[in-house]
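Protein chains in written order, with this note's numbering: chain A, 98 to 382; chain B, 15 to 356.
Here it is as structure tokens:
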């Protein structure tokens, strides 16, 4: 029973982190119409940046501050240089992000190395939770992820930039005619997408291993959250990520993790085929 | 139209050159370099068939599939399981591989082609991932991550004398003829009314539907044909490597095939073989000197997409077609009339 509880909580925490990363994927898709195959690697770059910053400054909290900013800059540059010139050809953007994914993975392998490394959690205490000793950092990580999720939605709904982003997503032409700088909004959106994926990477780094391949595993999971929640439906994405991770956590307690993965993939294809607008469409705006 | 004629001539010339090169490779390559390159040439041929299956969908039907590795992997397992579990001979096992890949495409295709664009790209990845994970768990049948090795049955036996892929020349020419036949078949199919209908769908599916084409059925047929090409490639690769492995179903393999097709030139018959050849050469040659050659591959992908979206083949065809066209435009004005007549 303890194992089930532990795995369920693990799933919940992972879900919150994944929700953060998947949100980035979702806004990039919703606004720019780009399927970003490099998104898992944005997360991976976040974990690696965290590792480097901790190496040089010895402060995890500094990494939590700096890495997302570096992510933002990377994202802005990538959008300007790679995505913008081919904005209108959907197939080409997918392929370009695949090329980007290769470059990011190989770039990290060249600088950081091929061997996975571990980052020690900044908080090493444990707390008793439902009869098990649970790592305190994981709870903190979940809290950070949740806070960032809330902050993101507040940003999207309560700030000028956020409402511009929603406006561009809703109707590009009208937004343009009202004087919203659509081109810049695209860049900012992509930058934010990279930034929050990198943030997710920093938060997750002490829980998982720092490895140039870690994006490969995370990408399908993010896509599942985005699809099941509904492409472009941000609240749906966040909820789906948490639910999926929770579900996989529980299934993992009773069966092979691979079975859990197959179950969620089948669920995802069913949603794609029968409810491509996602399972929450109609419930949320 | 003039440029179409030129394009045909360029394609034929280029195709002839590529055909001659690969036909002579086992003789030519050992003269100038290490004989090991002959097997690289065979590998290029096999993988170019997988790239061709991506090209048929993306370049001629307007569907980007990121899951062609699934049919490649199933083709591999068809052969490996046929030989090691059912004790099949060479030809039945080869046939089973192709059949398995094609059937898998027919089954998944009926669902997948209901979707288009982004959704299609995603569902093809999802399907390939599902079966990748299934293959990983069914260890007793597939060998999981380690794969399934088998010993090669002979192609033909007469008493004591037998002929099989253990002879490197037989192996090479077997691959060569199968791949050449597949490319020829693809060329013929694309030239047929069916192929023209596919291009019409690629250009505008709504109009094609209104003109009276059954878009769903045409897309499905194209998808199954692509599965056939990928399955054949997989069956060949299983015979070539004498094993099958689930790792070949992973979406990175599909992604590589997309890269090969795009860099070579999607929408041109020969693009995939050019792209596959170039990138495998980079992999084999450059990786000896530079561990991080993938950085270059990624850069090539992005640069191609940005500056030559029709790939190398498209770039060459456009270039050659442009040169004489300018001469002609000055001297005669007949093309205009012909255009009007068309």
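Positions of the beta carbon are idealized from the N, C-alpha and C atoms, including for glycine.
Verify the CB distance criterion: does residue 133 of chain B have a CB-CB separation below 8 Å to chain A?
Cβ-Cβ to chain A under 8 Å: yes for residue 133 of chain B.
Could you please give me the residues that DSSP links to residue 162 of chain B through a beta bridge?
Answer by DSSP bridge pairing, in chain order: B:258.
With distances taken from CA atoms, which of A:111, A:100 and A:376 is nearest residue 240 of chain A?
Comparing Cα-Cα distances from residue 240 of chain A to each of A:111, A:100 and A:376, the minimum goes to A:111.
Quick one: list the residues of chain A neighbouring residue 273 of chain B, beta-carbon separation under 9 Å, in chain order.
Within 9 Å Cβ-Cβ: 192, 195, 196 and 199.
Which residues share a DSSP beta bridge with residue 172 of chain B?
Paired residue(s): B:175.
Within its chain, find whatever has a CB closer than 7 Å to the CB of residue 84 of chain B; leave out the 5 residues flanking it on each side and keep chain order.
Cβ neighbours of residue 84 of chain B beyond the five flanking positions: 118, 141, 142, 145 and 263.
Quick check on this structure: which residue in B:97, B:99 and B:283 has the alpha carbon closest to the alpha carbon of residue 205 of chain B?
Taking only the C-alpha atoms, the option nearest residue 205 of chain B is B:283.
Helix, strand or coil for residue 231 of chain A, going by three-state DSSP, please let me know.
Residue 231 of chain A falls in the strand class under three-state DSSP.
Less than 8 Å separating the beta-carbons of residue 257 of chain B and residue 163 of chain B?
Contact: yes.
If I measure Cβ to Cβ from residue 170 of chain B and keep anything under 6 Å in the same chain, skipping five residues before and after, which residues do I get?
The residues are 177.
Would you call the segment 90-100 of chain B and the segment 64-71 of chain B in contact, with 3 or more CB pairs under 8 Å?
Flag = no, the segment 90-100 of chain B and the segment 64-71 of chain B do not touch.
Residue 1 of chain B and residue 260 of chain B: beta carbons closer than 8 Å?
Past the edges of chain B, shown from 15 to 356, lies residue 1 of chain B, and the structure says nothing about it.
Report yes if the C-beta distance between residue 123 of chain A and residue 340 of chain A is below 8 Å; otherwise report no.
The answer is no: Cβ separation not under 8 Å.
Going along the chain, which residues of the segment 120-153 of chain B sit with their C-beta nearer than 8 Å to a C-beta in chain A?
Of all residues in the segment 120-153 of chain B, 125, 128, 129, 131, 132, 133, 135, 136, 137, 139, 140, 141, 143, 144, 147, 148, 150 and 151 have a Cβ within less than 8 Å of some Cβ in chain A.
Hey, could you find the ends of the alpha helix (DSSP H) residue 125 of chain A is sitting in?
Counting along the chain, the alpha helix (DSSP H) containing residue 125 of chain A begins and ends at 99-129.
List, in chain order, every chain A residue whose beta-carbon is nearer than 7 Å to that of residue 311 of chain B.
199, listed in chain order.
Let me know the secondary structure DSSP gives residue 278 of chain A once reduced to three states.
Note: residue 278 of chain A maps to coil in three-state DSSP.
Between residue 214 of chain A and the rest of its own chain, which residues show a CB-CB distance below 8 Å, the 5 nearest in sequence each way excluded?
So the list reads 148, 306, 307 and 308, once near-sequence residues are dropped.
Determine the extent of the beta strand (DSSP E) in which residue 354 of chain A is found, giving its start and end residues.
From DSSP, residue 354 of chain A is part of no beta strand (DSSP E) but of the alpha helix (DSSP H) over 354-371.
If you drop the 5 nearest sequence neighbours on each side, which residues of the same chain put their C-beta closer than 8 Å to that of residue 128 of chain B?
Closer than 8 Å at the Cβ level, and outside the excluded window around residue 128 of chain B, lie 230.
In chain B, which residues lie with their C-beta within 7 Å of the C-beta of residue 189 of chain A?
Here the neighbours are 319 and 323.
What are the residues in the segment 203-219 of chain A lying within 9 Å of chain B by C-beta distance?
So the list reads 203, 204, 206 and 207, given in the order they occur along the chain.
When you compare only the Cα positions, how much space is there between residue 237 of chain A and residue 220 of chain A?
Rounded to whole angstroms, residue 237 of chain A to residue 220 of chain A spans 9 Å at the Cα level.
Let me check one thing: in DSSP terms, what residues is residue 53 of chain A bridge-paired to?
This structure does not reach residue 53 of chain A, given that chain A is present from 98 up to 382, and the question cannot be answered.
Mind listing the chain B neighbours of residue 132 of chain A? Cutoff is C-beta to C-beta under 8 Å, in chain order.
Residues of chain B passing the Cβ test: 132, 135 and 136.
What residues match up with residue 215 of chain A in a beta bridge as DSSP calls it?
Beta-bridge pairing links residue 215 of chain A to A:306.
Going by DSSP in three states, residue 181 of chain A sits in which element: helix, strand or coil?
In the structure shown, residue 181 of chain A sits in a helix (DSSP, three-state: H, G or I).
Have a look at A:235, A:287 and A:114 and flag the residue whose alpha-carbon is nearest the alpha-carbon of residue 181 of chain A.
The residue with the shortest Cα to Cα distance from residue 181 of chain A is A:287.
Using only the alpha-carbon positions, how far apart do residue 90 of chain B and residue 111 of chain B sit?
Their backbone Cα atoms lie some 6 Å apart in a straight line.
With respect to the alpha helix (DSSP H) encompassing residue 121 of chain B, which residues constitute its N-terminal and C-terminal limits?
Counting along the chain, the alpha helix (DSSP H) containing residue 121 of chain B begins and ends at 104-126.
Within a Cβ cutoff of 7 Å, which residues of the same chain sit near residue 135 of chain A, ignoring the five residues on either side of it in sequence?
194, 197, 198 and 201.
Residues of chain A with a CB under 9 Å from the CB of residue 58 of chain B: which are they?
Here the premise fails: no neighbours, minimum Cβ distance about 20 Å.
Do you know how far the Cα of residue 362 of chain A is from the Cα of residue 350 of chain B?
Confidence is the limiting factor: at residue 350 of chain B the pLDDT is only 45, short of 50, which leaves the residue's position unreliable and the question unanswerable from this model.
When burial is assigned at 16 or more other CB atoms within 10 Å of the CB, is residue 107 of chain A buried or exposed?
That one is buried.
According to the Cβ coordinates, are residue 345 of chain A and residue 228 of chain A closer than 8 Å?
The answer is no: Cβ separation not under 8 Å.
Assign residue 235 of chain A to one of two classes, buried (16 or more other C-beta atoms within 10 Å of its C-beta) or exposed (fewer than that).
Buried, because 16 or more other Cβ atoms sit within 10 Å of the Cβ of residue 235 of chain A.
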